[in-house]
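This report refers to the structure that appears directly beneath it.
There are 2 protein chains.
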Amino acid sequence: MSEYRFPRQDAQFVLDHIVNFSGLCAEIGHDDLASGLSDAILDEAARLGEQVLAPLNKVGDQQGAVLGEKGVEETAGFAQAYKQFAQSGWPSLVAPEAFGGQALPKVISTAVNEVWQSSNMAFALCPLLTQGAIEALLTHASDELKETYVTPLVSGEWTATMNLTEPDAGSDLAAIKSRAVPEGDHYRITGQKIFITWGDHQMADNIIHLVLARLPDAPAGVKGISLFVVPKFLVNADGSLGERNDAKAVSLEHKLGIHGSPTCVMSFGDEGGAIGYLVGEPHTGLACMFTMMNDARQGVGLQGLAISERAYQHARTYAQERIQGTLRDGSRVNLMKHPDVRRMLMLMKSGVEAMRALMYLASATGDQLEHASENEAHALQARVDLYTPIVKGWMTELAQEVTSLGVQIHGGMGFVEETGAAQYLRDARILPIYEGTTGIQALDLVGRKTLSDEGQALTLLLQEVETELANMLLPDTLSGALERCQMGVDNAKEALAYLLANPKQAPAIGVNLMMLLGYLLGGWLMLRAAGKAQELSKQPSADTAFLMTKQQTAHFYCEHYLPRIAMHLAIINAGGESLMAIDEAQF
Amino acid sequence: MSEYRFPRQDAQFVLDHIVNFSGLCAEIGHDDLASGLSDAILDEAARLGEQVLAPLNKVGDQQGAVLGEKGVEETAGFAQAYKQFAQSGWPSLVAPEAFGGQALPKVISTAVNEVWQSSNMAFALCPLLTQGAIEALLTHASDELKETYVTPLVSGEWTATMNLTEPDAGSDLAAIKSRAVPEGDHYRITGQKIFITWGDHQMADNIIHLVLARLPDAPAGVKGISLFVVPKFLVNADGSLGERNDAKAVSLEHKLGIHGSPTCVMSFGDEGGAIGYLVGEPHTGLACMFTMMNDARQGVGLQGLAISERAYQHARTYAQERIQGTLRDGSRVNLMKHPDVRRMLMLMKSGVEAMRALMYLASATGDQLEHASENEAHALQARVDLYTPIVKGWMTELAQEVTSLGVQIHGGMGFVEETGAAQYLRDARILPIYEGTTGIQALDLVGRKTLSDEGQALTLLLQEVETELANMLLPDTLSGALERCQMGVDNAKEALAYLLANPKQAPAIGVNLMMLLGYLLGGWLMLRAAGKAQELSKQPSADTAFLMTKQQTAHFYCEHYLPRIAMHLAIINAGGESLMAIDEAQF
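So the protein lines, in turn, are chains B and V. Reading the first sequence from the start, the letters are residues 3 to 589 in my numbering. Reading the second sequence from the start, the letters are residues 3 to 589 in my numbering.
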């Protein structure tokens with residue numbers, strides 16, 4: 003069984019040469035990070051992930067959480083690992099110092115989160131959602147609520163959940179029925195929520211549920227939902243824990259994957275109403291939810307990268323060790339020698355590296371935004387807004403292909419659960435669904451992020467990509483790859499023009515546009531990496547084998563992934579007519 | 003829960019208008035079939051599949067086979083279903099009359115097998131493998147062996163298995179180590195085989211293992227393997243069953259899917275050697291194996307179609323029933339109204355119909371071959387040979403996408419096992435692996451089927467497609483679709499030219515060429531269907547809604563699938579250099 007190793011060298015390369023980490027540190031006044039602190043952080047994270055969390059990954063798959071007398075009991079070993087995780091301060095990386103946080107840049111937290119998600123995605127979902135909840139509380143909650151709830155979440159003593167979905171309201175939040183009735187300084191919450199990740203467990207002393215519900219005077223639709231804090235245990239004035247609140251996990255889903263992560267049906271108010279506290283103004287739940295969600299969406303995109311990396315490592319080890327086939331001289335060879343296995347491995351490797359580059363870049367752009375002057379903020383916000391659905395949508399879709407290739411490389415052994423390759427495929431299958439399906443990401447991209455500003459933000463991004471490509475210094479061997487990527491920019495412009503001219507087709511062409519942009523951004527960053535690698539390889543102490551491999555991987559990516567851009571464009575240009583042509587009764 | 007329904011109307015359309023079934027019946031002297039008998043057969047098969055086998059599909063998934071005291075015990079209910087299946091004569095459809103068969107054309111059997119595979123793929127694997135074994139025995143075994151073994155297999159009293167794979171010999175049969183030592187009129191077989199589908203069960207009185215092993219004087223490599231019949235129970239001279247043979251299932255795999263199908267580790271000769279009988283000449287096992295395998299490969303392609311159809315039906319029902327979203331007028335709508343859900347459903351529907359057309363055509367071509375004059379036989383054999391890897395490779399790969407779309411349409415519910423959508427994805431994942439991986443199919447296509455005749459068979463096929471497209475009478479709305487398909491033919495010719503000019507790149511480009519051809523053949527047949535539909539819609543009694551839908555589905559297929567052809571060509575034209583560039587140590 004292959005063990006997981008954090009791909010430290012590639013992550014460092016992306017930090018140093020794709021996102022200009024030291025420049026970012028200087029910009030945001032954190033020079034200590036560039037000069038050693040970030041190394042220590044990444045080394046420590048890798049150690050915990052590789053040694054503690056990764057070995058629990060299969061255990062969680064085989065012995066998922068169960069609903070017992072005390073509520074949900076997580077997989078044996080998870081609680082101890084969580085304690086170690088929290089005590090080491092990992093939940094506090096990006097939180098403000100005022101709440102016990104370390105105020106580190108998001109991009110460092112992203113690299114660290116890659117470790118957690120690759121090591122054990124089911125486990126790492128718990129801190130991922132807690133992080134989103136912290137963001138939402140910091141942005142929208144009153145000082146009093148922040149004081150009570152944020153610090154113990156930052157310390158990891160407590161965890162948090164997002165309670166959005168109801169049986170009749172999946173992607174359609176307008177249909178939410180849960181109710182909140184005012185009672186003194188708090189509200190009484192009643193309703194049922196489904197698909198609540200880590201909705202209950204015994205790893206932390208308290209669980210803070212962020213719950214969408216309607217006030218009695220709420221208008222219909224999404225403009226009538228509000229966000230509430232509903233703690234599992236009520237919190238006394240001194241911060242100590244009081245009574246058990248009327249909020250319970252009543253059943254667990256039997257899922258295709260992420261068995262280690264309990265997915266709960268939560269019932270609020272079976273005994274008269276759970277006590278909850280309003281976050282922000284009444285009827286502004288959607289905005290609060292989006293703060294939480296945007297954070298979580300990038301986090302799910304990161305899961306796409308992370309599970310792909312894990313699947314890649316597993317397949318790579320198998321391809322190296324498995325002897326299959328005989329050369330003419332009688333010597334037997336490993337799977338690596340077979341061109342089609344190589345093709346699959348290279349699709350995995352180059353796909354993972356392109357995702358990592360885009361992921362860290364999107365995250366670093368978030369850091370720039372946080373420290374931006376008023377002048378720069380608008381453009382940076384637009385850029386982050388544009389990246390989010392692509393990171394979530396494209397990367398989680400690509401993760402389906404990468405994890406499936408991981409199974410295929412194992413041949414028959416890939417279909418046998420003991421091998422472990424199938425778990426990554428099963429686990430990955432949730433990624434294009436939760437926190438907004440691929441279709442929802444695409445609607446966000448074409449609607450809120452593109453049509454609403456008449457394509458300005460996207461045009462600006464494409465111009466920047468075009469300019470950078472035009473000025474890139476690349477080895478001659480990559481001239482074809484560069485041309486492909488430049489053609490991709492032209493294709494993207496054409497697709498955007500189609501969208502702007504045919505806004506009614508937006509819902510029909512959205513996914514194809516989103517995928518097109520994902521592949522293009524991946525190609526742009528892979529070529530940026532190749533250019534940097536060539537430049538760096540002239541330095542005397544350079545790891546020339548690694549740097550040459552970066553260039554060759556970019557080459558492969560451009561040859562094997564970029565042709566998909568023209569395919570997506572052709573589909574976009576065909577428009578949406580043939581989608582809706584058939585009468586419903588004829589399906 | 004949606005129930006499975008055999009898509010009788012589409013299957014009949016393909017039989018009547020894509021493969022010219024009545025012409026075929028006349029050609030092979032089976033006019034009774036065209037005039038009613040085939041209707042009765044398909045109706046009966048649909049009834050058994052829908053009512054008996056389909057309800058056991060989920061049961062098999064949840065309560066897979068177990069290894070007990072008696073050997074392997076299959077899922078409760080399977081034995082009774084199998085008895086009904088055998089007693090109704092279904093295993094005997096295509097077998098010769100001399101052995102109790104009905105000598106019906108393969109294409110009818112293919113339509114019937116679609117029912118079994120859609121209803122319950124895990125169950126249907128058992129007769130599928132038995133069918134392959136019958137073919138191998140009929141083609142290669144002595145009259146004595148045929149007399150003893152074929153009739154009870156045809157009647158369904160016994161079932162059969164294929165014992166190829168060993169722990170160190172997956173796709174690489176040269177590495178087979180099982181041994182066969184002569185002893186009087188029989189041989190003593192020893193060795194271990196893995197991944198033996200339905201290697202043991204209690205549904206039939208006897209199980210006939212076809213086992214690849216080496217004789218003591220065997221040359222090394224694939225030229226030294228022979229095929230043996232190894233019955234679970236020895237057969238007395240009068241046909242009655244004798245002693246238990248020294249061949250046992252010693253463990254079962256814990257698999258991602260097809261839980262209802264026991265996948266056995268088989269041990270031969272633990273107590274001195276299993277008694278076996280040589281099939282054909284010594285050292286000709288590979289040829290025997292290919293007879294069995296070619297039949298099974300088309301059968302696995304059919305599984306790709308069948309599980310896709312099942313997943314499509316499941317997703318369609320959900321999309322019709324699930325209410326999600328609200329129109330401006332306040333009315334709530336089902337998922338079907340959402341363009342991106344439609345896009346996914348149309349990808350499923352049109353993909354399934356293209357697969358069905360190709361599957362039945364390949365099968366009917368096999369019938370023509372069987373009844374061909376010497377003059378025609380060569381070309382027909384070449385055509386069947388060409389279709390086989392495309393049917394197996396392209397259709398099982400497409401089934402991954404279609405079953406995954408089925409999960410996606412269900413949103414969060416798709417990830418919950420109770421829904422049932424995830425089972426199709428899990429079950430389908432074996433299809434591009436067993437009976438030769440996708441990579442192996444591609445090697446077969448580019449090597450044995452294309453380079454070895456300098457591309458003649460493929461050139462001929464492409465010419466026929468081109469000529470038919472040039473003469474097609476299609477509605478004006480499909481002129482763009484037709485052009486796309488014609489461009490696809492040009493792309494395919496270019497890809498073939500690349501292969502012929504760069505034979506060393508064959509293993510690197512094979513999968514892309516195979517996928518390219520699959521999409522192209524699908525487009526050709528969808529357009530053939532559209533042309534026939536337009537023609538038929540002029541008849542007074544025509545089902546015009548169905549016929550219009552056929553045209554619209556073809557339209558969608560051409561717009562959404564055919565752009566993949568140029569993508570595959572671009573990858574092929576890039577060659578294989580970037581695949582192998584990276585040093586193994588750098589992965």
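For glycine and all other residues, C-beta sits at the position ideal for the given N, C-alpha and C. Note that this is a predicted model, so its numbers are computed, not measured.
- In the DSSP assignment, P391 (chain V) falls outside any beta strand (DSSP E) and lies within the alpha helix (DSSP H) extending over 376 to 411.
- Shown in chain order are the members of the region 331 to 349 of chain B whose Cβ falls below 9 Å from a Cβ of chain V: G332, R334, N336, M338, K339, H340, P341, D342, V343, R344, R345, M346, L347, M348.
- Listed by position along chain B, the residues whose Cβ is nearer than 8 Å to that of A143 (chain V) form an empty set, because the closest Cβ is around 27 Å away.
- Around the CB of H570 (chain B), 16 or more other CB atoms lie within 10 Å, so the residue is classed as buried.
- Nearest to N336 (chain B) by alpha-carbon distance, out of V:E71, V:T163, V:A171, is V:A171.
- For the options V:S157, V:V281, V:S94, the alpha carbon positioned closest to that of R216 (chain V) is the one of V:V281.
- Annotated three-state conformation of H256 (chain V) is coil, per DSSP.
- Scanning its chain for C-beta atoms nearer than 7 Å, with the 5 sequence neighbours on each side dropped, one finds around A568 (chain B) the residues N493, in chain order.
- For E168 (chain B), the beta-bridge partners assigned by DSSP are B:A171.
- A359 (chain B) places its beta carbon less than 8 Å from that of L527 (chain B).
- Here P129 (chain V) carries a helix assignment [DSSP, helix/strand/coil].
- Look at the region 429 to 476 of chain V and you find these whole runs of alpha helix (DSSP H), each 4 residues long or longer: 440 to 448, 458 to 472.
- At a cut-off of 8 Å, the C-beta of V418 (chain V) has a neighbouring C-beta in chain B.
- Note: Y189 (chain B) is bridge-paired with B:P184, B:G278 in the DSSP secondary-structure output.
- With distances taken between CA atoms, E71 (chain B) lies nearest to B:D202 out of B:P184, B:V16, B:D202, B:K179.
- Setting aside the 5 residues that flank it on each side, R324 (chain B) is surrounded in the same chain by N336, L337, each with a C-beta closer than 7 Å to its C-beta; the list follows chain order.
- At a cut-off of 8 Å between beta-carbon atoms, H256 (chain V) makes contact with chain B.
- Taking a beta-carbon distance threshold of 8 Å, D174 (chain B) counts as an interface residue toward chain V.
- Across the region 297 to 319 of chain B, CB contacts with chain V closer than 8 Å involve R318, in sequence order along the chain.
- Pairwise C-beta distances place the region 259 to 274 of chain V in contact with the region 189 to 200 of chain V, as three or more of them are shorter than 8 Å.
- In the structure shown, F87 (chain V) falls within a helical segment according to DSSP collapsed to helix, strand and coil.
- The residue from V:P391, V:A544, V:D478, V:E372 with its alpha-carbon nearest to that of P107 (chain V) is V:E372.
- The alpha carbon of I435 (chain B) has as its nearest neighbour, out of B:W396, B:Q410, B:T546, the alpha carbon of B:W396.
- About 6 Å separates the CB atoms of L484 (chain B) and L476 (chain B); that is less than 8 Å, so the two are in contact.
- Scanning V:H142, V:V393, V:V54 for the CA closest to the CA of C290 (chain V) turns up V:H142.
- For F8 (chain V), no alpha helix (DSSP H) encloses it, and the DSSP letter there is neither H nor E.
- Residues of chain B whose Cβ lies closer than 7 Å to the Cβ of G327 (chain V) are, in chain order, D174.
- With contact defined as three or more Cβ pairs closer than 8 Å, the region 95 to 112 of chain B and the region 352 to 370 of chain B are in contact.
- Annotation: the continuous alpha helix (DSSP H) that includes V152 (chain B) extends over 145 to 157.
- The beta carbon of Y314 (chain V) sits closer than 8 Å to the beta carbons of L347, M350, K351, V354, V404, G408 from its chain, once the five residues preceding and following it are set aside; these are given in chain order.
- For H562 (chain B), the enclosing alpha helix (DSSP H) has its first and last residue at 546 to 562.
- Legend: CB atoms of the region 186 to 220 of chain B lying less than 9 Å from CB atoms of chain V belong to residues I196, F197.
- Here L471 (chain B) has L484, C487, Q488, V491, W526, L529 as same chain residues with Cβ atoms under 8 Å from its own Cβ, once five neighbours each way along the sequence are excluded.
- Within the same chain, Cβ atoms closer than 7 Å to the Cβ of D33 (chain B) are found at C27, the five residues on either side in sequence being excluded.
- The contact set of L581 (chain V) on chain B, defined by CB atoms closer than 8 Å, consists of P341, R344, R345, M348, F558 in chain order.
- Contacts between V404 (chain B) and chain V, judged by CB atoms closer than 7 Å, are missing: the closest CB pair is about 13 Å apart.
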